[in-house]
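Trainee:
There are 2 protein chains.
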Amino acid sequence: MPQGVPTTVPDDGLTTKQRRNRPLVIVHTGDGKGKSTAAFGLALRHWNQGWPVGVFQFVKSAKWRIGEQTAVETLADLHEREGTGGPMEWHKMGAGWSWSRKDGDETDHAADALAGWQEIKRRLAAETHRMYVLDEFTYPVNWGWIDVDDVVETLANRPGQQHVVITGRRADPKIIELADLVTEMTQVKHPFEQGQKGQRGIEW
Amino acid sequence: MPQGVPTTVPDDGLTTKQRRNRPLVIVHTGDGKGKSTAAFGLALRHWNQGWPVGVFQFVKSAKWRIGEQTAVETLADLHEREGTGGPMEWHKMGAGWSWSRKDGDETDHAADALAGWQEIKRRLAAETHRMYVLDEFTYPVNWGWIDVDDVVETLANRPGQQHVVITGRRADPKIIELADLVTEMTQVKHPFEQGQKGQRGIEW
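Heads up: the protein sequence lines correspond to chains A and B, in order. Going by the working numbering, the final residue of the first sequence carries number 222, and the count climbs one at a time with no gaps. Going by the working numbering, the final residue of the second sequence carries number 222, and the count climbs one at a time with no gaps.
1) How far does the alpha helix (DSSP H) with Phe-58 of chain A in it reach, from first residue to last?
2) I'd like the list of long-range same chain contacts for Lys-139 of chain B, defined as Cβ closer than 6 Å, with 5 residues on each side in sequence excluded.
3) Name the DSSP bridge partner or partners of Gln-205 of chain B?
4) Near Gly-122 of chain B, what residues of its chain come up, given a Cβ to Cβ distance below 7 Å and the 5 sequence neighbours on each side ignored?
5) Specify whether the region 88–108 of chain B and the region 129–136 of chain B touch according to this definition: at least 3 beta carbon pairs, one from each stretch, less than 8 Å apart.
6) Can you tell me whether Ala-197 of chain A is buried or exposed? The criterion is at least 16 other CB atoms within 10 Å of its CB, across all chains shown.
7) Gly-72 of chain A lies in the beta strand (DSSP E); which residues open and close that run?
8) Going by beta-carbon coordinates alone, are Asn-39 of chain A and Gly-85 of chain B separated by less than 7 Å?
9) Determine which residues share a DSSP beta bridge with Thr-185 of chain A and list them.
10) Can you tell me whether Glu-107 of chain B is helix, strand or coil according to DSSP?
11) Does the CB of Leu-173 of chain A have a neighbour CB from chain B at under 7 Å?
12) For Trp-115 of chain B, count neighbouring Cβ atoms within 10 angstroms of its own Cβ and tell me buried if that reaches 16, exposed if not.
13) Return helix, strand or coil for Gly-122 of chain B, following the three-state DSSP convention.
14) Taking only beta carbons into account, state which residues of the region 65–79 of chain B come closer than 7 Å to chain A, listed in chain order.
15) Between the beta-carbon of Gly-59 of chain B and the beta-carbon of Thr-55 of chain A, is there less than 7 Å?
16) Return the bridge partner residues of Val-151 of chain A from the DSSP annotation.
17) For Arg-141 of chain B, which option in B:Asn-160, B:Pro-177, B:Gly-216, B:Ile-220 has the closest C-alpha, if you only look at C-alpha atoms?
18) For Gly-52 of chain B and Arg-187 of chain B, I'd like the C-alpha separation in whole angstroms.
19) Check the Cβ of Glu-86 of chain B against every Cβ in chain A and list those closer than 9 Å, keeping chain order.
20) Give me the chain B residues within the contact set of Thr-102 of chain A, using Cβ-Cβ distance strictly less than 7 Å, ordered along the chain.
21) To the nearest angstrom, how far is it from the Cα of Leu-199 of chain A to the Cα of Gln-75 of chain A?
22) Can you give the beta carbon distance from Glu-154 of chain A to Thr-47 of chain A, rounded, assuming they're within the 8 Å contact cut?
23) Who are the Cβ neighbours of Asp-95 of chain A in its own chain at under 6 Å, not counting the five residues just before and after it?
24) Report buried or exposed for Lys-110 of chain A, applying the criterion of at least 16 other Cβ atoms within 10 angstroms of its Cβ.
25) For Ala-57 of chain B, count neighbouring Cβ atoms within 10 angstroms of its own Cβ and tell me buried if that reaches 16, exposed if not.
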């Protein structure tokens with residue numbers, strides 16, 4: 019995409035540079051494909067700038083592993099070994115977040131989702147990352163596991179220069195209202211309609 | 019995204035496995051963001067499977083370099099050095115494609131775009147890659163530089179197991195008709211509307 023040119027210049031007292039560097043809340047929603055994939059691409063743009071990225075996958079099973087996770091972890095490892103790009107972390111809710119893995123296999127998805135959000139709040143307060151990908155985050159919010167007002171207040175008051183990307187269907191209107199950039203992915207035509215199943219390299 | 023379950027099973031005489039492995043033409047269109055970024059994510063899924071990928075950026079200036087290009091080239095280099103993942107190539111039209119760089123700085127964008135498409139046709143015939151990303155390909159087609167009927171016929175008759183992803187606004191209806199999977203990215207809210215300019219890590 020070519021570099022954008024603003025269509026209006028607001029009377030907010032900010033310089034172009036201040037406005038340019040304003041941290042964004044980005045939402046990828048809708049029923050179509052590409053919501054998560056496009057979010058992980060933004061993570062790679064941050065890696066390329068040398069900036070720290072945290073990816074948090076809500077909902078996904080611990081067994082489900084997509085190509086982007088391997089790509090991100092490979093690039094994160096290269097950062098560790100050779101200093102290329104920026105540091106990246108990839109956390110999956112699945113059978114418990116990596117920072118809070120506990121014994122036993124009692125899983126309480128609602129509690130796990132909330133624990134994930136609480137960790138993200140701690141990291142936002144500590145300015146741990148420059149970009150946060152909250153993948154499939156709309157679901158635990160819509161299911162009432164995570165309080166949407168807490169999300170909106172936390173994001174609205176986050177310190178420093180931290181971008182937050184939220185993906186998932188049916189994003190809450192309060193999150194849409196807060197967001198700076200919202201894209202809706204719409205399914206126009208899908209091979210599952212022709213009886214085709216998911217395949218390697220496309221769905222994972 | 020969870021693995022999809024087909025909503026109908028067609029009476030086409032194919033087994034589920036044959037149907038699953040059917041190569042796809044994928045289109046990311048619409049005025050919203052994420053069309054190219056999501057396509058590059060599919061390229062990473064192929065890299066992760068160890069399959070060869072070719073990215074062809076039409077339109078983009080040679081000076082314009084996005085984070086994904088560095089990520090893809092870094093992973094391609096890692097494949098060369100250590101055998102990780104699959105081979106990837108990234109070609110930009112800009113000041114001439116890498117395989118056809120010529121002296122002089124006379125640039126004829128229409129001729130360059132057509133030369134890019136002709137190279138892609140040769141590679142499809144030779145089954146060079148398993149995934150082709152034709153980024154911003156809708157523009158040279160819409161400008162009449164590349165014949166849409168030739169595109170449709172070539173894609174419809176390509177041999178073997180080759181996925182093709184086409185990105186760009188206003189995809190030609192003939193391409194939409196041919197495609198197996200079409201996603202429209204719609205802009206719901208954009209910071210350029212609030213007078214904000216593009217920024218590092220987000221637009222590139």
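Ideal Cβ placement from N, Cα and C applies to all residues, glycine included. Nothing here was measured: the structure is a model prediction, and the numbers come from that model.
Mentor: Taking the definition as stated:
1) 53–67
2) Thr-172
3) A:Thr-201
4) Confidence at Gly-122 of chain B is low in this model, with a pLDDT of 49, below 50, so the placement of that residue should be treated as unreliable; the coordinate-derived value is given next. Cβ within range, chain order: n/a, list empty.
5) no
6) buried
7) 71–75
8) no
9) A:His-46
10) strand
11) no
12) buried
13) For Gly-122 of chain B, the predicted structure reports a pLDDT of 49, less than 50, and the residue's modelled location is therefore unreliable. The matter cannot be settled from this model.
14) Trp-65, Asn-66, Gln-67, Trp-69
15) yes
16) A:Val-73, A:Val-183
17) B:Pro-177
18) 12 Å
19) Gly-59, Leu-62, Arg-63, Asn-66
20) Thr-92
21) 20 Å
22) Contact doesn't hold; Cβ gap of about 11 Å is too wide.
23) none
24) buried
25) buried
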